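Data first, discussion second: the structure below is written as structure tokens.
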Amino acid sequence: MKELQYLNKYFVKYKFHFLLGILITIVAQIFSLFTPKLISQSFQAIEDFHSNKMTSDMIKTELIQNVLWIVGTTLIAGVLTFLMRQTLIVMSRHVEFDLKNEVFQHYEVLDQNFYKRNRTGDLMNRISEDVAKVRMYVGPAVMYTINTFIRFTVVIIYMYNVSPLLTLYTILPLPILSFIIFRLSTEINKRSTTFQQYLSKISSFTQEIFSGIRVVKAYALEKQYQDEIVDLAKESKTKSMSLARVQSLFGPLMIALIGVSNLVVIYFGGLMYVEGSIKSIGTIAEFILYVNMLTWPVASIGWVSSLVQEAEASQKRINEFLKIEPEIKNKATENTNIQGEIEFKNVSFTYEDTEITALKNISFKVKKGETLAILGQTGSGKSSILSLVTRMYDIKEGQITIDGKAIDQVNLNDLRNSIGIVPQDAFLFSDTIKNNIKFGKENATDDEVMAAAKNAVVHDNIMNFSAQYETILGERGITLSGGQKQRVSIARAIIKNPEILLFDDCLSAVDTETEEQILNNLLQISKDKTTIIVSHRVSSAKNADKIIILEEGQIIQEGSHNQLVNQPGYYAELYLKQLSEKELN
């Protein structure tokens, strides 16, 4: 139960629901216990009639009264039980809602390294399957535990008041029950944890395959992955069946113990009646009813124990993530007004997961309103610079400043709100094109959306779709071509009207004519903005105020287009190569 202690804060938050549910349960149990007592009285009346202590009319009147009382109290107990479920189960839905939001919000603040270490399917499983298991603990498990405890307490008190000795005989099987529950619960906890781990494996595997289904089909690997999912499913089934076998032992064992208790009541109760220590046969009937009233609560102990153990395993998996502290923290307590000046001072950066040094002693400065272009071969560290500007990672060597202030002292929310970034791998959501563009500015008008699309030279393409801006895109924007996705991403960054614009090789899938149009538009848009363009093309860099060339994480050339094109080196060679290619085309 250690892991489940994390949920105590929710019981405190919803204490009104919780305490009201307990109160209703107590009252419901009291009303449900009228029936055995009334039946005992009815048996006593019948015995009195046969002993000539009551007349025929008297017994009829008493039996009718008892029947009416039984019907009335049963109805009241039923209504109260309904209210109990409404109170406690509704509370569990509130907790489920809060816990899912808490997990999701924590996912959002965790850094890039976390997502490199963990698979999407596992993350999804913890926020869905694991939270659902926890809800079953907060709702049904807690409800039936309270119900069972209160019923046991009230029933034992009633039984003790009737016959202390017969009560003792009746509860003799309970220690055996406690031992069985303890042993089986321990085994369920182990098997449930293993089963949940396999569910995560299946979720991760299927999510990855569905995301890359085009590649799978292109390489005709359907059969291979079908075999792999079958193997995973079989292993998961084995773990599930192993868990089910242990869980299935609870019900029959509980019922058997209740049956033993009934036999104990009949045998010892009969002997006590013969001896005269029990005055009425109705007492034995009353005890049998009490024992049978405990049948479901006792039988539910196994089910509840199983729910608790599964929830414990699931909450442990959830807690593992909730306890992870994000490496990137917002250290600033006050808002920061971002102007846009960016400076790198002797910055070196190594990725922790791969231990690859992406940048070595990098220094440059981009003033507000200036444009910096970064060129270099694949793996030279270009995208790493943009990741550091957006503070997706923190550096350990050197210093990065924004408007002369250390980047880790700048308010993180203000920093990222002031940046419009177009990543190398354009990601679009499964929504309308309009909403994907408005992702950069939620309250943007239709005119602003169209203006951004025109500046990104994608408006005409959108208008050719039957639903135009209301076109629903497939997952990750699969409906659009590579170039169209890049241009919609550019429109999304433009509409935000940020102080800093970052373009990470976002024109690689665009033809040179369209690229020229976009660059001319960006030249006007970025006049008062700080802009960094990462590219493999000289055409994207030639209008920049400053150009730097990276090789293996180091700056090997820097200057303007005119300066670099006239000095031997990577830039001049690239310019001549791309110029000749353009002439040939």
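Take the sequence shown: its position 187, counted from the start at 1, is 203 in my numbering, and no numbers get skipped.
Yeah, the Cβ is synthetic: ideal placement off N, Cα and C, and Gly gets one too.
As the structure is a prediction and not an experimental result, all values here were calculated from the model.
From the options, residue whose alpha carbon lies closest to that of residue i
i	options	result
tyrosine 12	Val320, Gln263, Ile62 and Ile80	Nothing about residue 12 can be read from this structure; the chain reaches only from 17 to 601.
histidine 552	Gln484, Gly392, Arg135 and Glu567	Gly392
glutamate 359	Glu386, Thr373 and Ala348	Glu386
isoleucine 105	Asp544, Thr161 and Val125	Thr161
serine 256	Lys233, Ile229, Asp544 and Glu326	Glu326
asparagine 427	Thr349, Val438, Glu458 and Phe365	Thr349
isoleucine 340	Ser277, Gln128, Met107 and Gln60	Gln128
glycine 292	Ile334, Ser364, Ala560 and Ser179	Ser179
phenylalanine 120	Ala374, Arg142, Gly575 and Thr103	Arg142
aspartate 146	Tyr131, Glu19, Ser497 and Pro52	Glu19
glutamine 579	Leu200, Asn559, Asn471 and Gly569	Asn559
alanine 44	Met100, Val438, Leu273 and Asn477	Met100
asparagine 377	Gln57, Gly395, Glu368 and Lys412	Lys412
serine 280	Thr103, Thr417, Ile423 and Leu184	For the sequence presented, residue 280 should be read as valine rather than serine. The residue with the shortest Cα to Cα distance from valine 280 is Leu184.
lysine 450	Leu431, Ile42 and Val474	Val474
threonine 394	Ala301, Val438 and Ser524	Ser524
arginine 203	Ser220, Ala148 and Arg261	The question names arginine, but residue 203 in the sequence shown is glutamate. Nearest of Ser220, Ala148 and Arg261 to glutamate 203, Cα basis: Arg261.
isoleucine 300	Met175, Ser48, Tyr485 and Ala483	Met175
Per-residue burial, residue i [other beta carbons within 10 Å of its own, 16 or more giving buried]
i	result
tyrosine 409	buried
lysine 593	exposed
glutamine 212	buried
threonine 186	buried
tyrosine 30	buried
glycine 37	buried
aspartate 1	With the chain covering 17 to 601 only, the question about residue 1 has no answer from this structure.
glycine 228	exposed
asparagine 433	exposed
leucine 600	Any reading at leucine 600 is ruled out, since the residue's pLDDT is 48, under 50, leaving its predicted position unreliable.
arginine 333	buried
isoleucine 506	buried
glutamine 263	buried
proline 342	exposed
proline 268	exposed
tyrosine 131	exposed
serine 5	Within the shown structure, residues of the chain are numbered from 17 to 601, placing residue 5 beyond reach of any answer.
Residues that residue i bridges to, as DSSP identifies them
i	result
glycine 575	Ile563
aspartate 527	In the DSSP output, where bridge partners are listed per residue, aspartate 527 has none listed.
threonine 387	Thr547
threonine 210	Paired residue(s): none; threonine 210 is not in a bridge.
isoleucine 437	Leu518
glutamine 570	Glu567
threonine 366	Thr373
lysine 421	Ile418
glycine 392	Leu566
threonine 448	Ile488
Which of helix, strand or coil DSSP assigns to residue i
i	result
glutamine 355	coil
threonine 164	helix
lysine 295	coil
arginine 508	helix
isoleucine 229	helix
leucine 600	Note that leucine 600 scores 48 on pLDDT, short of 50, meaning its location in the model is unreliable and no value can be drawn from it.
asparagine 582	coil
phenylalanine 455	coil
phenylalanine 380	strand
threonine 103	helix
threonine 51	helix
lysine 361	strand
isoleucine 541	helix
glycine 397	coil
glycine 490	coil
glutamate 341	coil
glutamate 350	coil
Chain-order list of residues whose beta-carbon lies under 8 Å from that of residue i (same chain, five-residue window excluded)
i	result
proline 313	Tyr160, Asn163, Thr164, Arg167 and Phe168
leucine 338	Tyr22, Glu118, Val119 and His122
glutamine 57	Glu78, Asn82 and Gly298
asparagine 278	Ile304, Val307 and Asn308
asparagine 452	Leu444, Phe445, Leu489, Gly493, Val504 and Arg508
7 Å CB neighbourhood of residue i in its chain, flanking five on each side removed
i	result
alanine 460	Lys454 and Ile511
phenylalanine 27	Phe34
Own chain residues within Cβ distance below 6 Å of residue i, not counting five before or after
i	result
isoleucine 572	Ile565
isoleucine 192	none
isoleucine 549	Ala389, Phe519 and Ser556
leucine 517	Gly436, Ser542, Lys545 and Thr547
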